[in-house]
Amino acid sequence: MNWKSLTIVVAAAIMLAGFWFYANRSSAVYERIMNKDGYEVHMLLEQISTEFDVQPEWIPKQDGEETKLNLVIANQYDTDIVLESISRWDRNIVVNIQGKHKLDRHSGQFLSNTVFNPDGSYSFTNGEKRWSVTSPAGEDLLKERYGNGDGPGDQSSISIDIKYLDQMKEGFHVRFSGYNAYHYRQTQQDHSLFWLIFSLFIVIALVKLYDSRSEQERHLGWKLIGYSILGGFTFSLNSLRIPLGFILYLMFLKKDKTNSDIKHKAALLGLLVYAMPFFVSIFSS
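Under my numbering, the first residue of the sequence shown carries the number 341, and numbering increases by one thereafter.
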């Protein structure tokens, strides 16, 4: 294998590995868990709380200002509770926190402000009793005007009327009890690493076919890719998948004489891509 071919293989390996890691990053796993896409979820505990102190220098002095903090204030059930920011909007001091997960793609546990309902839907753990905000003197600051909200990605916020600024000038204490603890596990066998290796095998095979060409031919590399894509093209009839692309190759393109042997092998590689899910299902059952 010459250096150009080796460069292509290495670049393909890096791209495929990058795609695999991106598809299995913690946020992607969490999204699949929420959508019950190959995962099942069971609640462990309700109303788990976290507490932290807000320092006076973090409190914005003017409307429209925001103090970005991104401080990890707790770690529970493989979840970092992050104090993201404190802002001042429309005569309110707004405290924003978020749960950031470190999820294994197979199984584990996490905290969430979300309720996973039996019908597959989910909702937020609404209710102002989740929040407690007190001054250093122990005075409850959530007496009259306040607001709270939740957002995607386990974000939660509490709004405190600025009329309590005098009580907050030395900081204040926050307690949030809106998290539930869950255990999750993958219910479908994970073949993603196999498909990563198989995809790299296809790339290496195509490069080897190109290097073994018997005649010079313009755009041969792209033609081999096209033949392999055609060989793997399918047509679905009800639940039956027909290798229509390979049939079309045999009917119309097999007569191509220039580098016909490697083109035929490229089409067979596509047919292998078509057939591989059947083998995987057989051996994993």
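Don't be surprised by glycine CBs; every beta carbon is placed ideally from N, CA and C.
Check                                                                                                         : Outcome
Helix, strand or coil at Ala521 [DSSP, three-state]                                                           : strand
C-alpha gap between Lys548 and Ile537, whole angstroms                                                        : 16 angstroms
CB of Ser425 within 7 angstroms of CB of Lys440, strictly                                                     : no
Arg643 and Glu391 closer than 7 angstroms at C-beta                                                           : Limits of the chain in this structure are 341 at one end and 625 at the other, which puts residue 643 out of reach.
Of the residues Ser532, Pro617, Gly571 and Asn578, the one placed nearest Ala357, counting alpha carbons only : Ser532
Beta strand (DSSP E) segment containing Phe450, residue limits                                                : Ser447 to Ser452
Ile513 versus Ser366 - alpha carbon distance                                                                  : Ile is not the amino acid found at residue 513; the sequence shown has His there. One C-alpha to the other measures close to 30 angstroms.
Neighbourhood of Val349 by C-beta, 7 angstroms cutoff - its chain only, sequence neighbours within 5 removed  : Val543, Ile544 and Val547
Rounded C-alpha distance that separates Gly493 from Asn410                                                    : 15 angstroms
Rounded distance between the beta-carbons of Gly571 and Leu608, thought under 8 angstroms                     : 6 angstroms
Complete runs of the alpha helix (DSSP H) confined to the stretch 502–559 [at least 4 residues]               : 505–508 and 532–551
contact_flag[the stretch 502–511, the stretch 373–385] where n(CB pairs < 8 angstroms) is 3 or more           : no
Continuous beta strand (DSSP E) assignments of at least 3 residues falling wholly in the stretch 379–405      : 379–394
Close Cβ partners of Ser452 (< 7 angstroms) along its chain, the five nearest in sequence each way excluded   : Gly439, Asp494, Tyr519, Asn520 and Tyr522
For Tyr589, the nearest candidate out of Asn599, Asn578, Ser568 and Thr598 (CA to CA)                         : Ser568
Contiguous alpha helix (DSSP H) assignments of at least 4 residues, all confined to the stretch 560–603       : 560–572 and 584–588
Leu409 in three-state terms, based on DSSP                                                                    : strand
Gln529 to Ser621 span [Cα, whole Å]                                                                           : 10 angstroms
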